[in-house]
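This report concerns only the one structure given below.
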């Protein structure tokens, strides 16, 4: 069958116009190999966000920062691509996405985006947060472990910033509240040991509170102090095997993961994971638990950092990242 020159040109023009329309309507592009997750930054994150925006899965300005909103959008994309929904844009997600772009299936994904039901970003774990100390110390005594004759103070005074004069209990509560918002926004249930400074809660009572609420794990948030004004960095504590055999392995993993991710987020020095057998908060706990010492209030530089709202938010983000990785382990 002969095709006239005029009809041939018209067909070519139609194809070009259709291609331009598709390119304009769906300006998605291939993603380079990467592993992007909460805390990631850079052009690869921005490109991912721009693609998610085009697919109407992301409703914020692409800023190159992989935060909770980006994780939620990635999870929605993973649901459409039928890959594991962990909120992390790894190789499996990228390969599935690029394959969909190449085949044109990504255009179909776009039309389905509005029909997605709201779903929690992560499995709904229950997490306990214990901001260390309180306004008034309690110098009474309580058993260091169930059935033990050995006792310790119910609640020590905590420390005070050498330069700021701010009490540890104020800093720990501020960070815990920031962390609570991150966790709840991600779909977790949060049990906060205290929401104000003027309380009377011993270490055993805080552990029992977490037990009563059946938390999956909990984090004790503290600051450290030293006779040296130059000592700096973060330390994590967890129950020793002898003190908490039933929760030892998971507590150790929790401590290691929190320390690694919080120091990574803040740039603080990572000092050690210390195993303790004399902590009432550990010994009375039925669930994995770790203490994070976020820096030295005896160090003037760390003192001022820990009293900065921006640094507190970074600490909260680091702990949040650590908890995500802990639960995905």
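In our numbering, the protein residues as written are 31 to 359.
Beta carbons: idealized from backbone N, C-alpha and C, even for Gly.
Every value quoted in this text rests on a predicted model; they were computed, and no experiment measured them.
C-alpha gap between residue i and residue j, whole angstroms
i, j, result
"residue 151", "residue 348", "At residue 151, the pLDDT of 38 sits below 50, so the modelled position is not reliable and the matter cannot be decided from this model."
"residue 201", "residue 325", "11 Å"
"residue 278", "residue 233", "19 Å"
"residue 76", "residue 87", "14 Å"
"residue 64", "residue 83", "19 Å"
"residue 124", "residue 340", "32 Å"
"residue 299", "residue 105", "33 Å"
"residue 329", "residue 307", "27 Å"
"residue 221", "residue 126", "37 Å"
"residue 286", "residue 73", "30 Å"
"residue 110", "residue 193", "53 Å"
"residue 282", "residue 269", "8 Å"
"residue 184", "residue 231", "8 Å"
"residue 358", "residue 305", "23 Å"
"residue 342", "residue 295", "11 Å"
"residue 171", "residue 354", "36 Å"
"residue 207", "residue 217", "15 Å"
"residue 257", "residue 115", "48 Å"
"residue 156", "residue 122", "29 Å"
"residue 85", "residue 103", "10 Å"
"residue 316", "residue 96", "34 Å"
Test item: CB-CB of residue i and residue j under 7 Å
i, j, result
"residue 310", "residue 190", "no"
"residue 165", "residue 228", "yes"
"residue 94", "residue 67", "no"
"residue 212", "residue 350", "yes"
"residue 289", "residue 263", "no"
"residue 14", "residue 321", "Outside the shown range of the chain, which is 31 to 359, sits residue 14, and nothing can be said about it."
Exposure of residue i, with buried meaning 16 or more beta-carbon neighbours within 10 Å
i, result
"residue 242", "exposed"
"residue 161", "buried"
"residue 356", "buried"
"residue 362", "The structure shown does not extend to residue 362, since the chain is modelled only from 31 to 359, so the question has no answer here."
"residue 91", "exposed"
"residue 265", "buried"
"residue 79", "buried"
"residue 226", "exposed"
"residue 57", "exposed"
"residue 244", "exposed"
"residue 199", "buried"
"residue 148", "Residue placement at residue 148 cannot be trusted, given a pLDDT of 39 that sits under 50; the coordinates are not used to answer."
"residue 203", "buried"
"residue 60", "exposed"
"residue 275", "exposed"
Pick from the options that is closest to residue i, judged by C-alpha positions
i, options, result
"residue 273", "114, 176, 112 and 103", "176"
"residue 331", "180, 215 and 261", "261"
"residue 186", "168, 196, 203 and 207", "168"
"residue 280", "312, 178, 101 and 128", "312"
"residue 335", "158, 156, 205 and 100", "205"
"residue 119", "303, 159, 133 and 69", "69"
"residue 214", "181, 98 and 129", "98"
"residue 314", "223, 344 and 239", "239"
"residue 337", "253, 291, 352 and 297", "253"
Item to complete: Can you check the region 217 to 291 for any beta strand (DSSP E) of at least 3 residues that lies completely inside it and give the ranges in chain order?
Response: Within the region 217 to 291, the complete beta strand (DSSP E) runs of at least 3 residues are 219 to 222, 247 to 254 and 264 to 269.
Practice prompt. Run through the region 74 to 140 for me and flag every whole alpha helix (DSSP H) of 4 or more residues, listed as ranges in chain order.
Written response: 98 to 111 and 121 to 133
Fill in: Unbroken stretches of the beta strand (DSSP E), 3 residues or longer, contained in the region 293 to 317
Runs of the beta strand (DSSP E) inside the region 293 to 317: 300 to 306.
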